[in-house]
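Colleague: If you number the sequence shown the way numbering that gives the first Met the number 0 does, the last residue is 304 and the count never jumps. Dropping a structure here in structure tokens format, bear with me for questions.
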Amino acid sequence: MNSPLIFKEYIWLVNTIYHAKKISLKEISDKWKETEMSGGLPLARSTFNRHKDAIEDIFGIFIECERAGDYKYYIGNAKVLEEDTIQNWMLSTLSVNNIISECRSVHDRIILEPIPSDGEYLQMVIDAMKENVLISFTYQKYGADTTKEVVVEPYLVKLFHRRWYLICRYPETKEFRTFSFDRILTVESTSIRFKMDENFDANEFFNNSFGIVKDNTPMEHIVVRAYQNERYYLRDLPMHQSQKLVNEGENYVDYEYNLCPTLDFFGYLLSRGSYIKVLEPRWVAKKVKDMHLEAAKRYDNEENS
């Protein structure tokens, strides 16, 4: 069986068990027979076991069985499908791919957002991460006429707002830096190995960050007020993992956050226009106000010119 089809079966099996919470092999087989993939045939136990092992190996998702009663199956680490984890992202992405592949008759009516990066470079960096070897690449900043050669320890990659970023560490200074993949011109993997900090945790590294920016900005307790439909958008898609509802009015809600107010955070607040107002701390509120006023001046200058 070719890879796209077998992955389609993996995704179906995970989704079926996850949404059922607990389900027997017979119930899984009955649902399987209703799909086009089955050809009307039941799901053999041997096939189920092979899929179960492959899902654990590829996705890190554990399908467990209750050794009592009806011997029902469940996702042993379901939490990874409910948080910002690589398993959740992979499953969601492949699930969408499966849906789209079944909709060829309307493929020209499904529009996706492009991600400006070279998949080959991403693969090379991830391979270097697995081998713990230094990489060398040529980088050109936006607006720069010159390029620079960089040799770093690749620690992690992160997707943020349709862009892939490399978070790496300089071997000499042990300082972390972030580079955008769409500004990387060439990449080479070296044979020089490095020892990754055993205490490094990628999720903890970005725990207090809004997006991709990591600098010396201290963490703040921030309260924002969301008006009209924005309150529902934030409820369904939180701005940050620390988001908590603290107050609710007739046409607004207040959310609190614990994060570092970096440039990308201010950019997000500005993008929401009049639908979001910062209540605390005052310096963050003032900075957002000043940035709005500065933007308004550009329009005033155009009208007066």
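Beta carbons: idealized from backbone N, C-alpha and C, even for Gly. These numbers come from a predicted model, not from an experiment.
Along the chain, which unbroken stretches of the alpha helix (DSSP H) at least 4 residues long are found entirely within the segment 262–296?
Modeller: The qualifying runs are 262–270.
Colleague: Tell me, to the nearest whole angstrom, how far the beta carbon of valine 151 is from that of arginine 168; I am working on the premise that it is less than 8 Å.
Modeller: Yes, they are in contact, since the Cβ atoms of valine 151 and arginine 168 sit about 6 Å apart, within 8 Å.
Colleague: Determine whether the beta carbon atoms of proline 306 and isoleucine 221 lie at a separation below 8 Å.
Modeller: This structure gives no information on residue 306, because the portion of the chain shown stretches from 0 to 304.
Colleague: On the criterion of 16 or more Cβ atoms from any shown chain inside 10 Å, does leucine 12 qualify as buried, or is it exposed?
Modeller: The residue in question, leucine 12, is buried, as its Cβ has 16 or more Cβ neighbours within 10 Å.
Colleague: Taking the alpha-carbon of threonine 185 as reference, which of Val124, Arg44, Ile16, Ile57 has the nearest alpha-carbon?
Modeller: Out of Val124, Arg44, Ile16, Ile57, Val124 has the C-alpha closest to the C-alpha of threonine 185.
Colleague: Could you check the C-alpha separation between aspartate 214 and arginine 176 for me, to the nearest Å?
Modeller: So the two alpha carbons sit approximately 9 Å from each other.
Colleague: Run the CB neighbour count on valine 277, radius 10 Å, all protein chains shown included, and call it buried at 16 or more, exposed below.
Modeller: With 16 or more other Cβ atoms within 10 Å, it is buried.
Colleague: Quick check: the Cα distance between asparagine 202 and valine 156, rounded to an integer number of angstroms?
Modeller: Asparagine 202 and valine 156: Cα-Cα distance of roughly 11 Å.
Colleague: Where are the alpha helix (DSSP H) runs, 4 residues long or more, that stay fully inside the segment 131–212, in chain order?
Modeller: Whole alpha helix (DSSP H) segments, 4+ residues: 201–204.
Colleague: Which word fits asparagine 207, buried or exposed, when buried means at least 16 other C-beta atoms lie within 10 angstroms of its C-beta?
Modeller: Buried, by the Cβ-count rule.
Colleague: Taking a contact to mean a Cβ-Cβ separation below 8 Å, would you say leucine 258 touches valine 287 in this structure?
Modeller: No, the Cβ-Cβ distance between leucine 258 and valine 287 is not below 8 Å.
Colleague: Which first and last residues belong to the alpha helix (DSSP H) in which tyrosine 254 is found?
Modeller: Element bounds for tyrosine 254: not the alpha helix (DSSP H) but the beta strand (DSSP E), 251–258.
Colleague: Where does lysine 20 sit, in a helix, a strand or coil, going by DSSP?
Modeller: Three-state result, lysine 20: coil.
Colleague: Would you call the CB atoms of isoleucine 275 and valine 223 closer than 8 Å?
Modeller: Yes, the pair counts as a contact, with Cβ atoms nearer than the cut-off.
Colleague: Near tyrosine 164, which residues of its chain fall below 6 Å by C-beta distance, leaving aside the five closest residues on each side in sequence?
Modeller: So the list reads Lys157, Thr177, Ser179, Ile211, once near-sequence residues are dropped.
Colleague: Compute the distance between the beta-carbons of phenylalanine 61 and asparagine 76, then report whether it is under 8 Å.
Modeller: Yes, these two residues count as a Cβ contact at 8 Å.
Colleague: Considering only the alpha carbon of each residue, which of Pro153, Asp181, Tyr232, Ser23 lies closest to isoleucine 191?
Modeller: Checking every option, the nearest Cα to that of isoleucine 191 belongs to Pro153.
Colleague: Note down, in chain order, each residue of its chain lying with its Cβ closer than 7 Å to the Cβ of leucine 133, except the 5 sequence neighbours on either side.
Modeller: So the qualifying residues of the chain are Val150, Val151, Glu152, Pro170, Thr189, Ile191, Phe193.
Colleague: Tell me whether asparagine 246 sits in a helix, a strand or coil according to DSSP, three-state version.
Modeller: Of the three classes helix, strand and coil, the one that applies to asparagine 246 here is strand, per DSSP.
Colleague: State the Cα-Cα distance for the pair tyrosine 70 and isoleucine 5, rounded to the nearest angstrom.
Modeller: Spanning the two alpha carbons is a distance of roughly 25 Å.
Colleague: Need the endpoints of the alpha helix (DSSP H) that arginine 230 sits in, please.
Modeller: From DSSP, the alpha helix (DSSP H) with arginine 230 extends over 229–235.
Colleague: In chain order, what residues of the same chain have a beta carbon less than 7 Å from the beta carbon of arginine 271, not counting five sequence neighbours either side?
Modeller: Hits under 7 Å: Glu229.
Colleague: Write down the C-beta distance between glutamate 219 and proline 280 rounded to the nearest angstrom, noting that I regard them as a contact closer than 8 Å.
Modeller: The Cβ separation is near 6 Å, so the contact holds.
Colleague: Can you grab the Cα-Cα spacing for the pair histidine 18 / arginine 44, in whole Å?
Modeller: Rounded to the nearest angstrom, the two C-alpha atoms are 20 Å apart.
Colleague: For a quick check, are the C-beta atoms of glutamate 63 and tyrosine 72 less than 8 Å apart?
Modeller: Yes. Within cutoff.
Colleague: Confirm the yes/no value for this check: CB of arginine 161, any heavy atom of the ligand MG, distance under 7 Å.
Modeller: Of ligands this structure carries none, so the ligand MG is not represented either.
Colleague: Going by C-alpha to C-alpha distance, which of Ala284, Leu121, Asp181, Arg108 sits closest to tyrosine 141?
Modeller: That would be Asp181, whose Cα lies nearest to the Cα of tyrosine 141.
Colleague: Taking the alpha carbon of lysine 173 as the point to measure from, which residue in Arg297, Met195, Ala143, Ile54 has its own alpha carbon closest?
Modeller: Out of Arg297, Met195, Ala143, Ile54, Met195 has the C-alpha closest to the C-alpha of lysine 173.
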